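Let me begin by presenting the structure, written as structure tokens, before commenting on it.
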Amino acid sequence: MNPKPWGKKAVHAGLLLLVSIYCVFPIYFMLVQSLKSAQEDVFGHPLIVLNPTLENFEELFERTGEPRGFVGRALRRSYPFFDWLENTIIVFAGSVAITLAASVLAAYALGRLQPPGFRWWRRVIFATYVIPHTILFVPLYQVVIRLHLDDNLLALLLVYPTLALPFCVWILSIYFQHLPREVEESALVEGASRLTAFVRIILPMSRPVIVAAGIFALGTIASDFTLASVFLLSEHNQTIPAGLGTMEVALDELLAVAGINLMAIPVVLICAVFARGYVRGLTAAMVEGA
Amino acid sequence: MAAALHPGASVTAAAERGRSAPVGLAKSGRWSAPRRRDARLAYLLLSPTLLLLLAVLAYPVGWEVWTSLTDLSPLKGGPAEFVGLENYRRMLADRVFWRAAAVTVVFGAVTSLAKLALGVGFALLLARPFRGRVFVFLAVFLPWAYPASVSVIGWYWTLSPPITTSYSVFMGNLKHAADGAFGSGAWAFLSVTLFNIWRGSSFIGVFLLAGINAIPPELFECALLESKSAWRRFWLVTVPLLKPFLALAVFLSLTTAFADLANVWMLTAGRIIFPVVGTHAYWLAIQGGQFGPASALSLTLVPMLLAVLLLLFRMFDPPEREPV
Numbered sequence: 027m028n029p030k031p032w033g034k035k036a037v038h039a040g041l042l043l044l045v046s047i048y049c050v051f052p053i054y055f056m057l058v059q060s061l062k063s064a065q066e067d068v069f070g071h072p073l074i075v076l077n078p079t080l081e082n083f084e085e086l087f088e089r090t091g092e093p094r095g096f097v098g099r100a101l102r103r104s105y106p107f108f109d110w111l112e113n114t115i116i117v118f119a120g121s122v123a124i125t126l127a128a129s130v131l132a133a134y135a136l137g138r139l140q141p142p143g144f145r146w147w148r149r150v151i152f153a154t155y156v157i158p159h160t161i162l163f164v165p166l167y168q169v170v171i172r173l174h175l176d177d178n179l180l181a182l183l184l185v186y187p188t189l190a191l192p193f194c195v196w197i198l199s200i201y202f203q204h205l206p207r208e209v210e211e212s213a214l215v216e217g218a219s220r221l222t223a224f225v226r227i228i229l230p231m232s233r234p235v236i237v238a239a240g241i242f243a244l245g246t247i248a249s250d251f252t253l254a255s256v257f258l259l260s261e262h263n264q265t266i267p268a269g270l271g272t273m274e275v276a277l278d279e280l281l282a283v284a285g286i287n288l289m290a291i292p293v294v295l296i297c298a299v300f301a302r303g304y305v306r307g308l309t310a311a312m313v314e315g316a
Numbered sequence: 540m541a542a543a544l545h546p547g548a549s550v551t552a553a554a555e556r557g558r559s560a561p562v563g564l565a566k567s568g569r570w571s572a573p574r575r576r577d578a579r580l581a582y583l584l585l586s587p588t589l590l591l592l593l594a595v596l597a598y599p600v601g602w603e604v605w606t607s608l609t610d611l612s613p614l615k616g617g618p619a620e621f622v623g624l625e626n627y628r629r630m631l632a633d634r635v636f637w638r639a640a641a642v643t644v645v646f647g648a649v650t651s652l653a654k655l656a657l658g659v660g661f662a663l664l665l666a667r668p669f670r671g672r673v674f675v676f677l678a679v680f681l682p683w684a685y686p687a688s689v690s691v692i693g694w695y696w697t698l699s700p701p702i703t704t705s706y707s708v709f710m711g712n713l714k715h716a717a718d719g720a721f722g723s724g725a726w727a728f729l730s731v732t733l734f735n736i737w738r739g740s741s742f743i744g745v746f747l748l749a750g751i752n753a754i755p756p757e758l759f760e761c762a763l764l765e766s767k768s769a770w771r772r773f774w775l776v777t778v779p780l781l782k783p784f785l786a787l788a789v790f791l792s793l794t795t796a797f798a799d800l801a802n803v804w805m806l807t808a809g810r811i812i813f814p815v816v817g818t819h820a821y822w823l824a825i826q827g828g829q830f831g832p833a834s835a836l837s838l839t840l841v842p843m844l845l846a847v848l849l850l851l852f853r854m855f856d857p858p859e860r861e862p863v
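Those sequence lines, one after another, are chains D and V.
To convert, take the position in the first sequence, counting from 1, and add 26; that gives our numbering.
To convert, take the position in the second sequence, counting from 1, and add 539; that gives our numbering.
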């Protein structure tokens, strides 16, 4: 290709800049707020922080109770942020693991074993994705109470996997279905069991698609606020989103923003590490399916 | 790997050993023994998924269908009575319902179109290599990767700041301008719409990028020879090729639109009421204790979403490809 004209290049670069700003600005804004002291929050410039401080983050972990400006000590609650963090890690890791385990099994069934009517099974499972969980929470709460899981992390471990499960089953089963039959057959002929063939051949082959499904599950689960705050009531059982939701934001705005960032940073890092794998996995599934 | 080269040979070998043969190998008939064993194993492997979906989706939907036909309410003593379609009849006669339904449809359509337009743009920008592409890609990926459960908190309180901060005057002015022009609550609604578009366009952009990668580049190169106009190429080649991925992307991001509304509703403890089917139903159920009408109301979303789904299914899972 001959070199592009100068003007076209400039438009391209301008567009890229615009897109980047559009995507990053709200996150930048929240990051800047969380680094501000109370004084700068009120009197400083909205978009930049002159004297960045980590005091909001520190305060989340050990609340010293130093009254800030006009807000009295009596009004301020302390928050069990460590508990929230621990609960969030348990719930997120557990839900993603359950989602992946269940969807790999189901996808193997639909994609490789292909029971009669497997396309319809797959469609019905995928169709459940359209039902917003948030319109169901009255009956969902009854299910949770009947299982004695109210105010228990297990409630979320039951509900969260179904958020991403339909899509994960869909892409994994389409990928499995289009893997050539020979990949398993040669192992079976050599005397390996079906399980061995699956673990030694199919699973390693489909790693990118499993990564894509896992990242999708993580992103979907991490976007729920409603279910977490409905099912987790007592302070020590909450996850970070549910806990932050109970903060009195009028008093603890900076603290809340710091909490937002503390929760977001690990999730974003995990997603960023796997970002290329996510695209590669989606592509791998799409080449076969859709 | 000799077996791989002679699939026929391996089939007989596997059959002779009496192993469960892979799919479709039993030529004698559809219901041969290994195939039946496979089907049984398949249902066993499907069971965790089906159990989860039954407990968390099917039972609640069934409960809502039943409740929508009764006058169940925690405020009323005694067992719920069956009232037939009364709840639905009253709902359809209610002007508020029609307004909520219209807003819901418009909200879903506007956010989907905006997300699609932006997402296609992002994907096309990122499809060809250039210097620094990885950074732009990560920037585009960021809004989706940043957990919405917490970013919605930050987003909401930023757009309607609760206390005096350095930006609250600016945001307050915007809020009053929007509320003044479209009625109170308009700014809150607009802010959720913007949030959903911001996050959804990121998801669709990355998703479509994966879709573009799945299309053989020769197809695009042929198009380059066919037509000089980039605009025509886009509509005649890129869009048809991407159609299944576009449909899937819309489908995947549609439910997040309702989840985001619910998140903000929950976040503000119901102080912000959107004139939308879902949140109106919460208000009926939780504040009003009217489970029957609330169920009827929230179920009206399901046929709408199913209709969209059926429409989209034809695009990304076309029936003519099925051999059965």
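Glycine included, each C-beta is placed from N, C-alpha and C at the ideal position.
Please read these numbers as outputs of a predicted model, since none were measured by experiment.
Check                                                                                                                                                           : Outcome
Would you be able to state if there are at least three C-beta pairs under 8 Å between the segment 282 to 299 of chain D and the segment 220 to 234 of chain D?  : no
What's the C-alpha gap between L758 (chain V) and A666 (chain V)?                                                                                               : 14 Å
Give the C-beta separation of A127 (chain D) and L585 (chain V) to the nearest angstrom, bearing in mind that I take them to be a contact with Cβ-Cβ under 8 Å. : About 13 Å; that fails the 8 Å criterion.
Given a threshold of 16 other Cβ atoms within 10 Å of its Cβ, counted over all protein chains shown, does E92 (chain D) qualify as buried or as exposed?        : Because the pLDDT of E92 (chain D) is 47, which lies under 50, any placement of that residue in the model is unreliable, and the question is left without a value.
Entirely within the segment 111 to 173 of chain D and at least 4 residues each: give me those alpha helix (DSSP H) ranges in chain order.                       : 144 to 153 and 163 to 172
Which of the three DSSP states, helix, strand or coil, is assigned to T609 (chain V)?                                                                           : strand
Bridge partners for F516 (chain V) per DSSP, in chain order?                                                                                                    : Summary: the structure shown does not reach residue 516 (chain V), with chain V confined to residues 540 through 863, and so no result is reported for it.
Under a Cβ-count criterion, where at least 16 other Cβ atoms within 10 Å of its own Cβ denotes burial, should C761 (chain V) be classed as buried or exposed?   : exposed
My output table needs one value for V816 (chain V): the three-state DSSP class, helix, strand or coil.                                                          : helix
Kindly indicate if chain D contains any beta-carbon less than 8 Å away from that of T650 (chain V).                                                             : no
Nearest by alpha-carbon distance to A801 (chain V): which of V:T643, V:P668, V:G831 and V:L591 is it?                                                           : V:T643
For L86 (chain D), decide whether its Cβ has a neighbour in chain V, counting only Cβ atoms nearer than 8 Å.                                                    : no
Give the straight-line distance between the Cα atoms of T272 (chain D) and L180 (chain D), rounded to the nearest whole angstrom.                               : 21 Å
Compare the C-beta of M231 (chain D) with all C-beta atoms of chain V and state if any pair is closer than 8 Å.                                                 : no
Any beta carbon of chain V sitting closer than 8 Å to that of R149 (chain D)?                                                                                   : yes
Near F144 (chain D), what residues of its chain come up, given a Cβ to Cβ distance below 7 Å and the 5 sequence neighbours on each side ignored?                : L136
Classify L611 (chain V) as buried or exposed, calling it buried when 16 or more other Cβ atoms lie within 10 Å of its own Cβ.                                   : buried
Measure the alpha-carbon distance for R638 (chain V) versus G724 (chain V) and round it to whole angstroms.                                                     : 15 Å
Please report the distance separating the alpha-carbon of S699 (chain V) from that of G285 (chain D).                                                           : 19 Å
Which of helix, strand or coil does DSSP assign to P93 (chain D)?                                                                                               : The predicted model places P93 (chain D) with a pLDDT of 45, which falls under 50 and marks its position as unreliable, so this point remains unresolved.
Quick check: is the beta carbon of A301 (chain D) nearer than 8 Å to any beta carbon in chain V?                                                                : yes
Would F193 (chain D) count as contacting chain V if we go by Cβ distances under 8 Å?                                                                            : yes
Can you tell me whether A769 (chain V) is buried or exposed, with buried defined as 16 or more other CB within 10 angstroms of its CB?                          : exposed
A805 (chain V) touches chain D at which residues, Cβ-Cβ below 8 Å?                                                                                              : First, the amino acid is wrong: residue 805 (chain V) is Met here, not Ala. Correct list: F251, T252, S255, V256 and G271.
Going by alpha carbons, who is nearest to L229 (chain D) out of D:L205, D:A243 and D:F251?                                                                      : D:L205
How many whole angstroms separate the CB atoms of I736 (chain V) and A653 (chain V), which I take to be in contact at a CB cut-off of 8 Å?                      : 5 Å
Given that a residue counts as buried once 16 or more other Cβ atoms are within 10 Å of its Cβ, and exposed if not, what is H262 (chain D)?                     : exposed
Is there a C-beta anywhere in chain D that falls below 8 Å from the one on I692 (chain V)?                                                                      : yes
Distance check for S46 (chain D) and G671 (chain V), CA to CA, integer angstroms please.                                                                        : 12 Å
Using a Cβ-Cβ cut-off of 8 Å, state whether H71 (chain D) counts as contacting chain V.                                                                         : yes
Heavy atom of the ligand ATP less than 7 Å from the Cβ of R233 (chain D), yes or no?                                                                            : This structure simply doesn't include the ligand ATP, nor any ligand for that matter.
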